[in-house]
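Undergrad:
There are 2 protein chains.
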Amino acid sequence: MESRAPHAVAGDGSPTRDALLDAAEELFAAHGYAAVGMRELVARAGVNLSAVKYHFGSKRELYLETVRRAMQRRESMEVWAALEPRPSTVDAAAKALVLFVRGLFVMMRARSELSACARLMLHEAMDPSDALEDVVVSFTRPNVEALAGVIAVLRPGADRQELELDARSVLGQALHYLLLRPIVERSAGLSLSESGTSREIADHIATFSLRGLRVSEAVVGRALAADGPKKNPIAAGEGAPASHEAPMGDPDRMEGSR
Amino acid sequence: MESRAPHAVAGDGSPTRDALLDAAEELFAAHGYAAVGMRELVARAGVNLSAVKYHFGSKRELYLETVRRAMQRRESMEVWAALEPRPSTVDAAAKALVLFVRGLFVMMRARSELSACARLMLHEAMDPSDALEDVVVSFTRPNVEALAGVIAVLRPGADRQELELDARSVLGQALHYLLLRPIVERSAGLSLSESGTSREIADHIATFSLRGLRVSEAVVGRALAADGPKKNPIAAGEGAPASHEAPMGDPDRMEGSR
DNA sequence: ACCCAGGTCAAACATACGTTTGACCGAGAG
DNA sequence: CTCTCGGTCAAACGTATGTTTGACCTGGGT
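Here is the structure:
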């Protein structure tokens, strides 16, 4: 009667199922669970209304599976790769932090999966449900732990809790732009889709954070000069207007355009 | 026919109207516009369903008026008073920033109006509507401008945009805890309702931010010792366990010694 | 006395919701 | 061919939504 459907099968299933999940991710992330109607959802997915019952059983389980899938995609997002091989020197760690923050803003500029993950996470945070656990264990926690790992190199004496607070301070600054984007853009004159602006913001967050972590100015300067040849790194000079289109340099290639 | 109702009359109206607005603020802030049903709302308010039509005209206009009222209450919230009389010395500015951040966490610990404002703001940011403008002009903008004014004292050479980014870096850290509270609490072991914990977090954000603003360590130390007699300011010493119930000094005078 | 505006109430309104049903189609097995 | 099974489809299900209606009560004005 009801456990006949393939429900939460792991492997990628039919195209119908995937279309459903894609549309669900897009809409749930944009407007939240309650604000999305199934008819609108299946219309966007291009499938029949009954498909959701067949493949998932109910709207709620579609949502849960959507969140699960989105959160698990974290591991394949290139941004976190900048933190992955835990750096050994202070210089490397500072550089990793800079690249990480820049990567966040590159992804957010591209309206990518990161936005969907973050928005799903936020909706869950504001109105928690069964999906919260998934969000925490497979998204939030790994992120702050990875970042804390890098920060640990920068602050040798700190204990776990202190590192966690540091990591959250860095993430909080970036999250602020990611989640409150419409407000920030309307409030300030900024437009986060311009590469120059988002780059400036990213670098501001990076330097602000490195200083907050008591990293020496020399290291900060070196870390900011990571990708360009040398280019006066510090001081509020307007960043190069439109020359660099791929702000991430070394760690792995960041070309995720799709 | 429809503009007969008193709609958006300014002065405080009937108790019915106020009960409606109170319940609306609570529910809309908690679950968002779409997730709240009128019947649930009027039940919580203890009034008849038709009252919303009579006093506001529709659910949408009830919501708009709710947001407007919540955002305008900003001026009467004591937290921002810590920033109001723009300090003249670096020490006073640093102290103001510390007290401000601490005040934020005190309010958030009390589940106060601040949470409602912030949550309404966030819902608007994630799914913008006509109310976004109100949120920006009467809440977001004044806040970052007030904070930027204080920061301007700490960073004499900075231009407007730089000050704005600094202000957002500070606010972003605090917002992160306010908005993602359920996630943070489940992810870390923290409990933000404990005064000791929230005080530690607030002080961490304050010091992190002051260092991010290149404030000298001496000033940082002095600013953190604002309310207590002197008490080893830095180094994560356990804050006073349960002695201070009102971490904010008097609104005008920020020398909190009492 | 009458009237009328301010305000509340239960009931009905039309629509939209999530869910369910039963028919239908194509392909593989016997 | 027949039978079954994975999968899709339009239509209907019952309920919950936001909104509207018209009766009703109350208190002052004249």
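Each protein sequence line maps, in turn, to chains C and W. Under the working numbering, the first residue of the first sequence carries the number 1, and numbering increases by one thereafter. Under the working numbering, the first residue of the second sequence carries the number 1, and numbering increases by one thereafter. C-beta atoms are modelled at their ideal positions from N, C-alpha and C, and glycine is treated no differently.
#1: Below 8 angstroms on the Cβ atoms is my contact criterion, and I expect Leu64 of chain C with Met108 of chain C to pass it. Report the Cβ-Cβ distance as a whole number of Å.
#2: Would you kindly work out how many angstroms separate the C-alpha atoms of Gly189 of chain C and Ala146 of chain C, rounded to a whole number?
#3: Give me the subset of the segment 177-206 of chain W whose CB atoms are less than 9 angstroms from a CB atom of chain C, sorted by chain position.
#4: Give, in chain order, every unbroken run of the alpha helix (DSSP H) that is at least 4 residues long and sits entirely within the segment 136-222 of chain C.
#5: Using only alpha-carbon positions, find the residue among C:Ala158, C:Val220, C:Leu180 that is nearest to Leu122 of chain W.
#6: Among residues of its own chain, excluding the 5 on either side of Leu171 of chain W, which ones have a beta-carbon nearer than 8 angstroms to its beta-carbon?
#7: Please say whether Thr16 of chain W and Val47 of chain W have beta carbons closer to each other than 8 angstroms?
#8: Of all the residues that make up the segment 108-134 of chain W, which are near chain C by a beta-carbon distance shorter than 9 angstroms?
#9: Taking the straight line between their C-alpha atoms, what separation do you get for Pro87 of chain W and Val150 of chain W?
#10: Less than 8 angstroms between CB atoms is the rule here; does Glu164 of chain W satisfy it with respect to chain C?
#11: In three-state terms, what does DSSP make of Val36 of chain W?
#12: Taking all protein chains shown into account, decide if Gln173 of chain W is buried (16 or more other Cβ within 10 angstroms of its Cβ) or exposed.
#13: For a test of the three-state rule: what should DSSP assign to Gly13 of chain C, helix, strand or coil?
#14: What three-state label does DSSP hand Arg109 of chain W in the structure shown?
#15: Is Arg60 of chain C helix, strand or coil by DSSP?
#16: Examine the Cβ distances between the segment 80-98 of chain C and the segment 30-46 of chain C and report whether three or more of them are shorter than 8 angstroms.
#17: Determine the chain W residues that contact Val136 of chain C at a beta-carbon separation under 8 angstroms, and present them in chain order.
#18: Residues in the same chain with beta-carbon distance under 6 angstroms from Ala45 of chain W, minus the five sequence neighbours each way, listed in chain order, please.
#19: What's the gap between the Cα of Gly57 of chain C and the Cα of Gly37 of chain C?
#20: Mind pulling the chain W residues with CB within less than 9 angstroms of Leu175 of chain C?
#21: In three-state DSSP terms, what is Val90 of chain W?
TA: Concretely, from the data shown:
#1: About 25 angstroms separates the two Cβ atoms, so there is no contact after all.
#2: 33 angstroms
#3: Tyr177, Leu179, Leu180, Arg181, Pro182, Ile183, Val184, Arg186, Ser187, Ala188, Gly189, Leu190, Glu200, Ile201, His204, Ile205
#4: 141-154, 160-179, 181-187, 195-212
#5: C:Leu180
#6: Asn143, Val144, Leu147
#7: yes
#8: Arg119, Met121, Leu122, His123, Glu124, Ala125, Met126, Asp127, Pro128, Leu132, Glu133
#9: 7 angstroms
#10: yes
#11: coil
#12: buried
#13: coil
#14: helix
#15: helix
#16: no
#17: Ile183, Arg186, Ser187
#18: Ala19, Leu20, Ala23
#19: 16 angstroms
#20: Gly172, Leu175, His176, Leu179, Leu180
#21: helix
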